[in-house]
Each structure stands twice: as structure tokens, then as C-alpha cells.
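Below is one structure; the comments refer to it alone.
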Amino acid sequence: MTDLALTRRLSGERQHLADTAFKLATWFFACLVLVLLGAVIITLIDGSLLALERFGPGFVFSEDWNPVKETFGARAPMVGTLITSAVAMVFGIPISFGIAVFLTQLCPVWARRPLGVGIELLAGIPSIIYGIWGLFVFAPYMQAYVEPFLIATLGALPGIGPLFGGPPLGIGMLTAGIILGIMVLPFISSIMRDVFDTVPPMLKESAYGLGCTTWEVMWNVVLPFTRVGVIGGIMLGLGRALGETMAVTFVIGNAHRLSISLLAPGTTISAALANEFTEAVEDIYQSSLVALGLILFVITLIVLSAAKYMLIRLQSRAGS
Amino acid sequence: MAVTSALYRRRRLGNFVLLVFALGATLFGLFWLAAILGTLLINGIGAIDLAMFTQTTPPPGSAGGLANAIVGSLIMTAVGVVIGAPIGLLAGTFLAEYGHYSRISPIVRFINDVLLSAPSIIVGLFVYQLMVIHMGHFSAIAGAVALAILVIPVVVRTTEDMLNLVPNSLREAAAALGTPKWKVVVMVSYRAAIQGLMTGVLLAIARISGETAPLLFTALNNQFWSLNMDAPMANLPVVIFQFALSPYADWQRLAWGGALLITFAILGLNIGARALASWGGTRSGA
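Quick note, the sequences are listed as chains A and B, same order.
In this text, residue positions in the first sequence follow my numbering: the first is 8, and each later residue adds one.
In this text, residue positions in the second sequence follow my numbering: the first is -18, and each later residue adds one.
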């Protein structure tokens, strides 16, 4: 009797110990996720100290990027990152919206899943594949057909004309931006689909009952209701576009100078890193590249946090 | 009715334009998928032969294959998943099973979602600063660690989502029998959600096996056959990157072959993960 009680108590204690150990282990690894983010920021700051001390705040504003004279400035890659992402958004947002509208409102139910999976598979293609496809197939096409057309039409317009000036090279900001736009389609459209589905059917049916067309229901009921989530999805796509590396590296042209024309070659932060980091032997060169990485990380952190915050807000409203 | 007909026609037209645009946008998206896969097939199919799987990467102008790169990719992906998946699994378990009232849960969830979309080249930079500088040379283990860091957020996210789908009555039934919590989690929750958890790991493998940017500064590349984790190791994405940008026709041919191989492997993983998830969904729903 006492023996049994003793074994029971022992095994109970062992179970209790195992319980605590397991819980602590899960807690530890959850905290590790937080530590990871902190560690990334600290290492990047540590690595870029040399460049930031040497160049000061002027690093962000200087366009000079000369490894031989060892003067570095982040302006060209920063602006390049922003411009290519902006082109990607101009191109990607309306098309993602169209895809989301089609898949949630118009598509017959049996075709929704296969078509949706098809769009989502675009996100599965590795970015290096977009890069080599962009360089060997898409860029020559842009050079032969699209860019001469743009130069002849939009390039002749006053105001926006200079944006489409210069020779058609195929590679450049515009080509990189369009490829980024295609790459963010699955991310933005899948979030839009999710948030469109949170609209209570009652609201939509009421609008249809008043005689609204699908377009009017989308524009006047669904979009206002899901505005926060749609913006969150767009910012999530923007975060992806800002940090995308390999696809851009192939088609951007890698020129450390700013040019007003979208058709001209440029560079982005991630492309500069991919191209130059392993060749950078001087400490100051490498440190400047790490500083570029730090800037990129801070920008994407802000954009992604804002995106996440908006999506959480929509979620809590839909839950209430 | 004649008064309203102009307005009516305009509304109908606006609606029609939207519908056509939505259909066009979807076809447009699918067109790129088809265009990219088609290009890969046309350019890559000729490069896929036995030599690609048996010979190592050649110097320019001679025959060769991608055997060292394929094996290198497999090794680094496997090590990355072995390191990253358990960490992600346990962290996701905390969020779903223990952390409901914990103050750090919302923060972990938020940070994890941000890390999920963070640029992968930054991860490469981080591991370079953390490991490569201190070790003094590029190495396969640094590449695997970089990939593991990309695995963690994917697995955390799917683990939490999938464990949340497990009905609480299952846990309560087990707890009522006097089962300790850790056994409830391992024997009940994990078992009920096993398909979902495996889906998460498959998606993570799909995510990292095409990653190039984080390997550029960590594993680098290796012309030769090497299984040494402490030395640079060849891997498909970086080989594709170098060969595609080279001026040599036979290198470019191999790059297309490698691209075809990697893309279809990853799309296969993606489709497999989806099939597994929906199979698990119907089974637990039944």
C-alpha cells in the first residue's frame, strides 16, 4: 500500500517536472523569436558603426558611391529601392484587386480553388527564377516592344515625359518594378480575398437588394468596410517588394547613380548587397554595405509593422 | 423608364468594365505563371540528363553537371529544417497551448509575422556578421543556420494556427483522465494536428530551397565536390545565379536546367503541402 503510494507520488513528481520542463522549453523558444529580431538589429548596427561614424548622417543623403576613393553614400540605392517598389505597387495593386474581386465575387465556386492555387503558386516560384526569366525573356521583350512604345507616347508628354526618356535598354528600374509587381500579386491578392470574405453577407445582400451592381457593391460597401485590411495587405506586399533581392539584381542594371528616367539602370539596396558584398574587402566598404542593410531592415520593419497593425485592427473588429 | 435608361446603361457599363477587368487581371496573373513555367521547360528540358545528376559543376567550356550543387542544397536545406523546425514547433506550441494569458504572446506573434516577411538578404547579412566573420571563412553550416532562421517564422505560424484548430474538448477529455499537460500536448494536440504541422514543415522547405540571397554571404559556392559543413558548399540557387550571369553557353544551359529542377521541386512541395492540409482537414472534419 505504502509502496504504491510512494511510486505514485514519485511518478507524480516526475510528471510535474516534465510538465515544467516542457513549458519552459516552449517559453524559451518563443522568447528566442524576440531575441532573434533584437540580435539582427544589434549586429547590423554593430557592423555599420564604422561607416556611420566616418560619414555621419550625410551617408543617407550622399549619392557618391566610389569603392576606389572609399567614399560611400546611400542615396542612389535608397531611392532606387523606393522607386522600384513604387512601380511595383502602381502595377500590382489594381491587378491584385481585380484578382481578389474575381475570385471572391465572380468566379464559379468549382473554379475558385484551382484558380486561387494557380495565383498562389506565383509566390512559390523562387525569386532567382523571376530574375533569370526577367533577364533572358522579359527584358529583351521590354527593349524591343514596350519601351520604344513608351518613349514614343508617354515620353513625348510634358510633365511625365522625362520619366520615360533615354534609350530603351530593357534592363532598368521599370523592368525591375514590373517584375516586383508580378511577384507581389499573390501576397496582396490573397490578403484582399481574406478580408473581402470578412464582410457580413447581410451587408452585401442589402446593397444588392437595393439594386446595386457588383461594381457598386464592391466600391461602396465591401471596400469601405475592409479598407484597413486592404491597406494592410498592400503594405505587406510593399514590405516584400522593398526587400526582394535576386529578381531585382538580374534586371536593375546595377548603376550607382540616380536618373530621372524609369528606363535607366539603377540599383537598390538589396541588389547592391548581393552584387558587391562578397567583393568588398576593405572594412569601410563592407561596413557601408552593412549600413545599407540596416537602412533596408529599418524601412521594412516599419512598413511590415504598420501592415500587421492594420490587419490586427481589422481582425479585432471582425471578431467583435 | 426612358428617364432612367441613360443612368442605368452607364451603371451597367461600369459594372461590365469591372467584371472584364477582374477576369482580365486573373488571366493576367495566371499568364505569368504559364509564361515562366513554359520558358523554364523550353530552355531547361534539354539540360536535364543523367550527367546533370552525376557530374560536378564544370569549368567553362567542358561538360559537367550539377551533382555537387544538388547534394549541397539538399544537405543545407535538411540541416536548416532540422535546426529551425523544432524551434518553430516549440515556440508555436507556446503561443497555442500555454501563452493565452501571457504578456509576451502578442509580442511574439507580432514579431514573428514581421520576421516572416523580412528580407532574406538581411538574414544572410546577419549570419555573416554572426558566424562567418568569427569563423574566418564561408561555410555550409553558416548557410544552414541562415536557412534555419527563415524556417522558424513559417513553422511558428502554421504550428499555432493548426494547434488552434484542435477542439478544446479533446484536451479537456485528456486532462479529465489526469494526463499531465505536456502529455496532453504531445499525445493529443500534436497527434490531432499532425497533418497541419507537417504542412508547415513542407511549406518551410519550399520556402528555403529556392532562397539565394541568404546563401550568398554564408555558404557561398564551391566548384568541387564537398560534404564538409565547415567549408563553402555548392548549392543550386547560387550556382544558377553565377552560371546564368556568365557569358558561357554551356554554363547558361546548366543554369536553365537547374532552374527547371528547383522550380518544379518547389511547386511540387507547395502542391503536396496543400493536398496534405486539405486531406487532414477532411479527415478531422469527418
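Where a beta carbon is used, it is the ideal one built from N, C-alpha and C, also for glycine.
Val220 of chain B is a Cβ neighbour of Asn202 of chain B, given a cutoff of 8 Å. Ile238 of chain A has its alpha-carbon roughly 11 Å from the corresponding atom of Leu311 of chain A. Gly138 of chain A is not a Cβ neighbour of Met225 of chain A, given a cutoff of 8 Å. Listed by position along chain B, the residues whose Cβ is nearer than 8 Å to that of Val86 of chain A form an empty set, because the closest Cβ is around 17 Å away. Under the 10 Å beta carbon count, Pro84 of chain A is surrounded by 16 or more other beta carbons and is classified as buried. Distance between Val165 of chain B and Ala25 of chain A, taken at the CA atoms: about 12 Å. Identification of residues in the region 198 to 214 of chain A having a C-beta nearer than 8 Å to some C-beta of chain B yields an empty set. Distances from the alpha-carbon of Asn261 of chain A to those of A:Ala248, A:Glu223, A:Ile48, A:Ser277 put A:Ser277 closest.
Within the same chain, Cβ atoms closer than 6 Å to the Cβ of Pro195 of chain B are found at Ser101, Val104, Gly105, Ala127, the five residues on either side in sequence being excluded. In its chain, beyond the 5 residues on either side, Leu144, Val166, Ser170 have a beta carbon closer than 7 Å to the beta carbon of Glu78 of chain B. Contact between the region 14 to 30 of chain B and the region 173 to 185 of chain B is absent, with fewer than three C-beta pairs closer than 8 Å. Contact annotation, Thr193 of chain B with Pro228 of chain B: C-beta distance approximately 20 Å; criterion of less than 8 Å not satisfied. Here the alpha carbons of Thr35 of chain B and Ile267 of chain A stand approximately 49 Å from one another.
Per DSSP, reduced to three states, the secondary structure at Gly45 of chain A is helical.
Rounded to the nearest whole angstrom, the CA to CA distance from Val258 of chain A to Pro174 of chain A is 16 Å. The three-state reading of DSSP puts Phe198 of chain B in coil, since its state is none of H, G, I, E or B. Counting along the chain, no alpha helix (DSSP H) covers Pro175 of chain A, and no H or E run does either. With contacts defined as CB atoms closer than 8 Å, Leu241 of chain B and Trp222 of chain A fail to qualify as a contacting pair. Using a Cβ-Cβ cut-off of 8 Å, Phe2 of chain B counts as an interface residue toward chain A, since at least one Cβ of chain A sits closer than that to its own. Within chain A, no residue has its beta carbon less than 9 Å from that of Asn145 of chain B; the closest one is some 14 Å off. Contact between the region 273 to 291 of chain A and the region 1 to 8 of chain B is absent: fewer than three C-beta pairs spanning the two stretches fall below 8 Å.
For Arg82 of chain A, the closest of A:Arg247, A:Leu318, A:Leu296 by C-alpha to C-alpha distance is A:Leu296. Chain order gives the chain A residues near Trp13 of chain B as Leu129, Ile189, where near means a beta carbon separation below 7 Å. Taking 8 Å as the cut-off, the beta carbon of Asn24 of chain B is found no closer than this to the beta carbon of Thr38 of chain B.
Residue pairing for Phe79 of chain A: DSSP places it in a beta bridge opposite A:Trp72. Contact between Phe109 of chain A and Ala16 of chain B is absent: CB atoms are separated by about 19 Å, not below the 8 Å threshold.
If you compare the alpha carbons of B:Leu197, B:Ala215, B:Phe224, B:Ala230 with that of Asn282 of chain A, the shortest gap goes to B:Leu197. Within chain B, Ser98 have C-beta atoms less than 7 Å from the C-beta of Arg247 of chain A, given in sequence order.
Ranking A:Thr91, A:Trp72, A:Ile126, A:Lys76 by CA distance to the CA of Phe9 of chain B puts A:Ile126 first. Going by DSSP, Asn145 of chain B is part of the alpha helix (DSSP H) stretching over 121 to 146. Tyr292 of chain A is positioned such that its CB atom lies no closer than 8 Å to that of Glu154 of chain A. Counting only residues of its own chain and dropping the five nearest sequence neighbours on each side, Thr111 of chain A has a CB closer than 7 Å to the CB of Arg200, Phe203, Asp204. When C-alpha distances from Gly273 of chain A are compared across A:Ile135, A:Ile178, A:Pro193, the shortest belongs to A:Ile178.
Excluding its 5 nearest sequence neighbours in each direction, Phe62 of chain A has no C-beta neighbour in its own chain below 6 Å. DSSP, reduced to helix, strand and coil, places Gly63 of chain A outside both helices and strands of the structure shown, so it counts as coil.
Taking a C-beta distance under 8 Å as the contact criterion, Leu129 of chain A and Leu192 of chain A qualify as a contact pair.
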